[in-house]
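S.K.: Okay, handing you the structure first.
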Amino acid sequence: MNRITPLLAAMCVSSALVGCSNTNNDNASASTETGSESLSGKVADGYLAGATVCLDLNDNQECDADEPSTTSTSGGAYTLEGVTAEQLASAAILVEIVVGETIDEDNPGVAIDRTYTLTAPAGYNFVSPLTTMVQNEVRESGLTPDEAKASVQTKLGTEIDLADDYVAGSSDETNGAEFARLHKVAQVTRVVMQNNIETVKQLTDGTGVAFEDLLSLIVKQVVAALDTISAQVDAAGESFDPDDVVSSGGVDGANVDTATINDDLAEREAKRSATDVSIAEVLTSGDSLHFFESDEYDQGVVDFFYGTVSADSSNNVTITRSIYNSSTESWDADSEDNADTYQDCILDSGAWNCVSDSSETITVSGDSVIVKRGGLDASKEVITGISVDLTGKRIASFADDERYEYVLDPAATFSEGATGYRLSFVRDSAIHVIFNDNVESVSECWEGSASSEGPFSPTDTWCNNVFLRTGDGNYETDGDAATTLSQLVSSTAASNPNDPSDIKGTELYGRDISIMAEFVSGGVANYYLVDYREGSTTSLSTKYTGTWAQNTVDTKVIMQFTLPAILITKGDLDDDEKTQFFTVHDGYVRRGGIIPAGSSNDNQWVFNNSARDQIKAAFDYSLLTDLEPCSTGDIEEGEDQSGVATGGTSSDFIAAAEACSASSFVSADLTDQTFVSDFGVFNFKAAGAGVFVGEVGGEEDSVLDFTWAINSAGHVVINTSNTQKGETTFLRLTMAKIEVNARQISLKTFSQEAGTSAAVDQAVGEVYGEVWAIKLPQTQHKKAQQLLGFFMFVNR
């Protein structure tokens, strides 16, 4: 389906009419009163006995003393007593492992020795690592539970209901193998969560970081890596062991990125401290709203923009854009190309009113900021917002556009007066829209790929027809453009259809998928995924069922249907494509979308004038160009035929550093700084101390201290040691500074290791030129800055 993009899409915030928005599904805390209802179910990785189970009434992802709770028993069984229907309908279920007491029946008789937390959406009674990911999608992405479940199902490549008990399901004759596979995926995600929770909690203890933020970040990363986890589970075969899968490194993508976790935590902390604000008052006070974005074109060339939303003396609001001119190193006025002829046709006052992107108006009326398309009341949205004091917060942490992170000084912070806003858009009623490409000729439809005659050919320059499948099994009778809604309705459902020609109805399209839709008399809708493969027979896959209804809205007869959540996810459909409709207009059936009433947001930061100026001051276009490593004098380490270590010496390193024109380090280059290399993240503290967390000698999530000093040559010498299986290895990394800017540092490094501290002096090792990223000073985020990535002296 075509996009709906009004002028405010320039800042990707006109939520109802832009596919970038998320519906706001935040739940208020449920009452802590007692009731007469109960909830029984099971908790599992394998079945968990001796775990705490509660209703998370305040949505903080912890079982609090005043929340209904119980302890699970054998088989993972639990019953929550004395709860109300309201609590059951609104509160997530939470499971906390009691270290030293909870038993995972996958390992009978062995108490769990590392903590983790599981959740499930309200309405579930089975709680597992898989339902935890579903609930996290609800919290993080603003999805409904069904949409969240479909999202996780799609990532897992399964049709199994994630609310089902996969332990019991493993004995199912039909789906037992798939339930067993999901059990294995759950086991791996549990290990990943344990690893991450243990490390992150240890390093943030005492900093005031909310556990719910840490858990959400951890689970969010696991969800993002689900396809990798599934592939590794499948590859393990009969030798599957969850700890082996994780320790193999195959699912490292599921680990929290410790190089960016500080930014994530800072933003979450900011949202937590946000207060409601009148956007009308902001605009009429002489201040403006600013948003920053970029665009990449022509073999990686990037344009950087910022937009300004401001009100004039008549309270009319305009949006302007400025583009960075790298030649003059200035921000110049930018005019967007409005050559696009596309129109949204919005139902208002009994008529379809076609309006272009540029027809949007934004006005201030009293305490409200109102957005309309073409002056149509039916398109009205009211902008509301929250504000955050950004003083002292790192500027790059609030760069929603990832390309801006490369051109902002990573150490720059906001000063007093900087304010950030998050905007929401409220609709009193649903908006019904049909889509009109409004091209000059039929040959331009579908980006010029349309045929001007024959079946499946657009009838006019709307480029929006609904093409019929007759269901007679003959492709040659398919492809006429529907002229009535009744043509789309089948009296009976198709019986065992083999391909789309066997079904009466029409095809719908998402991103890279085709859906055959059958609308059966009486209100049943059946949907089949169509598998078109070049050179092979077209086939149908799983059947999904929904409903449809014929309604009259503002005098227009529409045939309305909502796609099943799993198809919405598979098709990567926008908000206006979830609930669709057909209607007859200009002699043909057209397809349209419904933007639901309610509130939605864009999850993008916008800024006041002061914050804009500070962001511009931190902007440095030259940072977009990476520093180059100096490879002169590089020497690899290895072994000769006798097994004796080979590599560079200290003299080789000194000569290589001189050849690369190294300069001397000073303490200020390192103190309270974090450097990110391709093999790890270093955190340097004052007085020659340092900390790293990550993989050392094949062991993940290790926490080791190191010492550092600047020698007489101006090189930094880092020393540490690591003990594994009773054997200690002494490790040294010496660094020479070649070149540095605000974002990166080019180094020549020399790595050595030996069995004694004295032997390190004479050990040979690798001499290597490399470029590391520079992250924010540790003091800006207290102990949370100690969250480091992988530091690999061994097995580098």
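For any residue, its number in my numbering is found by taking its place in the sequence shown, counting from 1, and adding 1. Heads up, the beta-carbon is just placed ideally off N, CA and C, and yes, glycines get one too.
1. Tell me which residue opens and which closes the alpha helix (DSSP H) that W447 is part of.
2. Can you name, in chain order, every residue of its own chain whose Cβ lies under 8 Å from the Cβ of E659, other than the five neighbours on each side?
3. Output needed for M736: all residues of its chain with C-beta closer than 7 Å, excluding positions within five of it in sequence on either side, in chain order.
4. Buried or exposed: Y48, going by 16 or more other Cβ atoms within 10 Å of its Cβ?
5. Please report the distance separating the alpha-carbon of A86 from that of T362.
6. What number of angstroms, rounded off, separates the C-alpha of S665 from the C-alpha of A714?
7. Taking only the alpha-carbon atoms, compute the straight-line gap between A774 and V704 and give it to the nearest angstrom.
8. So within the segment 427–507, which uninterrupted beta strand (DSSP E) runs reach at least 3 residues, ignoring any that extend past its ends?
9. On the DSSP letters alone, give me the boundaries of the alpha helix (DSSP H) that G170 sits inside.
10. What is the rounded straight-line gap between the Cα of S73 and the Cα of V54?
11. Pick helix, strand or coil for Y125, following the three-state DSSP scheme.
12. CA-CA distance, T71 and T80?
13. When DSSP builds the beta bridges, which residues end up paired with V531?
14. If I measure Cβ to Cβ from T24 and keep anything under 6 Å in the same chain, skipping five residues before and after, which residues do I get?
15. Measure the CB-CB distance between A334 and S327 and report whether it falls below 8 Å.
16. If you follow the beta strand (DSSP E) that Q725 is in, where does it begin and where does it stop?
17. For E417, which residues from the same chain have a beta carbon less than 7 Å from its beta carbon, with the 5 sequence-adjacent residues on both sides left out?
18. Taking the alpha carbon of L348 as the point to measure from, which residue in A187, S430, V490 has its own alpha carbon closest?
19. Would you kindly check if the distance between the Cβ of S611 and the Cβ of A412 is under 8 Å?
20. D166 to P130, Cα distance in whole Å?
21. Which runs of the beta strand (DSSP E) at least 3 residues long sit entirely within the segment 610–693? Give them in chain order.
22. By Cβ distance below 8 Å, which residues in the same chain neighbour S452 in space, the five residues on each side in sequence not counted?
23. Please state whether DSSP places I5 in a helix, a strand or coil.
24. Among the residues of its own chain, which have a CB less than 6 Å from the CB of V223, if the five just before and after it don't count?
25. Beta carbon of V234, beta carbon of V246: below 8 Å?
26. At a cut of 8 Å, does the segment 586–601 reach the segment 267–280 through at least three beta carbon pairs?
27. For L284, name the three-state secondary structure that DSSP assigns.
28. Reducing DSSP to helix, strand and coil, say where G524 ends up.
29. Rounded to the nearest angstrom, what separates V201 and Q674 at their Cα positions?
30. Whether or not the segment 423–437 and the segment 373–384 are in contact is what I'm after, with contact meaning three or more pairs of Cβ atoms, one per stretch, closer than 8 Å; do they touch?
31. For K156, count neighbouring Cβ atoms within 10 angstroms of its own Cβ and tell me buried if that reaches 16, exposed if not.
32. Do I435 and T548 come within 8 Å of each other at the CB atom, strictly closer than that value?
33. Between S231 and G177, is the Cβ-Cβ spacing less than 8 Å?
34. Quick one: give me the first and last residue of the alpha helix (DSSP H) that E136 is part of.
35. For A92, collect the residues of the same chain with a Cβ closer than 7 Å to its Cβ; drop the 5 residues on either side in sequence, then sort them by chain order.
36. Could you please give the first and the last residue of the uninterrupted beta strand (DSSP E) stretch that includes I739?
M.R.: On the basis of the data shown:
1. Start and end: 446–449.
2. Closer than 8 Å at Cβ, skipping near neighbours: no residue.
3. Apart from sequence neighbours up to five positions away, the residues of its chain that approach M736 with a beta-carbon distance below 7 Å are H716, V717, L748, T750, ordered along the chain.
4. Taking a 10 Å sphere around the C-beta of Y48, we find 16 or more other C-beta atoms and assign the residue as buried.
5. Straight-line Cα distance between these residues: approximately 44 Å.
6. Annotation: S665 to A714 spans about 7 Å, alpha carbon to alpha carbon.
7. About 21 Å.
8. Taking only runs of at least 3 residues, the beta strand (DSSP E) segments lying wholly in the segment 427–507 are 432–437.
9. Counting along the chain, the alpha helix (DSSP H) containing G170 begins and ends at 167–170.
10. Taking C-alpha positions only, S73 is separated from V54 by approximately 7 Å.
11. Of the three classes helix, strand and coil, the one that applies to Y125 here is coil, per DSSP.
12. Their Cα atoms are separated by approximately 7 Å.
13. Bridge pairing for V531: S515, L541 [DSSP].
14. Confidence in T24 is poor, its pLDDT being 39 and thus under 50, which makes the residue's placement unreliable; the coordinate value appears in the next sentence. Excluding five sequence positions before and after T24, the CB atoms of its chain that fall closer than 6 Å to its own CB belong to G143, S601, given in chain order.
15. When the beta-carbon positions are compared, A334 and S327 stay at least 8 Å from each other.
16. Residues 717–725.
17. T392.
18. Looking at the Cα atoms, S430 is the closest of the given residues.
19. No, Cβ-Cβ distance for A412 and S611 is not below 8 Å.
20. A direct Cα-to-Cα measurement between D166 and P130 gives close to 12 Å.
21. DSSP runs (the beta strand (DSSP E)) wholly in the segment 610–693: 674–678, 681–685.
22. Once the five neighbours on either side are set aside, the close Cβ partners of S452 are S458.
23. Note on I5: pLDDT 31, under 50, position unreliable in the model; the coordinate value appears next. Note: I5 maps to coil in three-state DSSP.
24. T190, V193, A255, listed in sequence order.
25. Their beta carbons are under 8 Å apart, which means V234 touches V246 by this criterion.
26. Fewer than three Cβ pairs drawn from the segment 586–601 and the segment 267–280 lie within less than 8 Å of each other, which leaves the two stretches out of contact.
27. In this structure, DSSP gives L284 a helical state, which the three-state scheme calls helix.
28. In the three-state reduction of the DSSP assignment, G524 falls in the coil class, being assigned neither a helical nor a strand state.
29. As the crow flies, the alpha-carbon of V201 is around 19 Å from that of Q674.
30. Because the criterion of three Cβ pairs below 8 Å is met, the segment 373–384 and the segment 423–437 touch.
31. Under this definition K156 is a buried residue.
32. Contact annotation: T548 and I435 have beta-carbon atoms that are not nearer than 8 Å.
33. No, they are not a contact pair.
34. Just to set this straight, residue 136 is Gln in the shown sequence, not Glu. 130–142 is the extent of the alpha helix (DSSP H) around Q136.
35. Excluding residues up to 5 positions away in sequence, A31, L56, D57, L58, A123 lie with their Cβ nearer than 7 Å to the Cβ of A92 in the same chain.
36. Counting along the chain, the beta strand (DSSP E) containing I739 begins and ends at 728–741.
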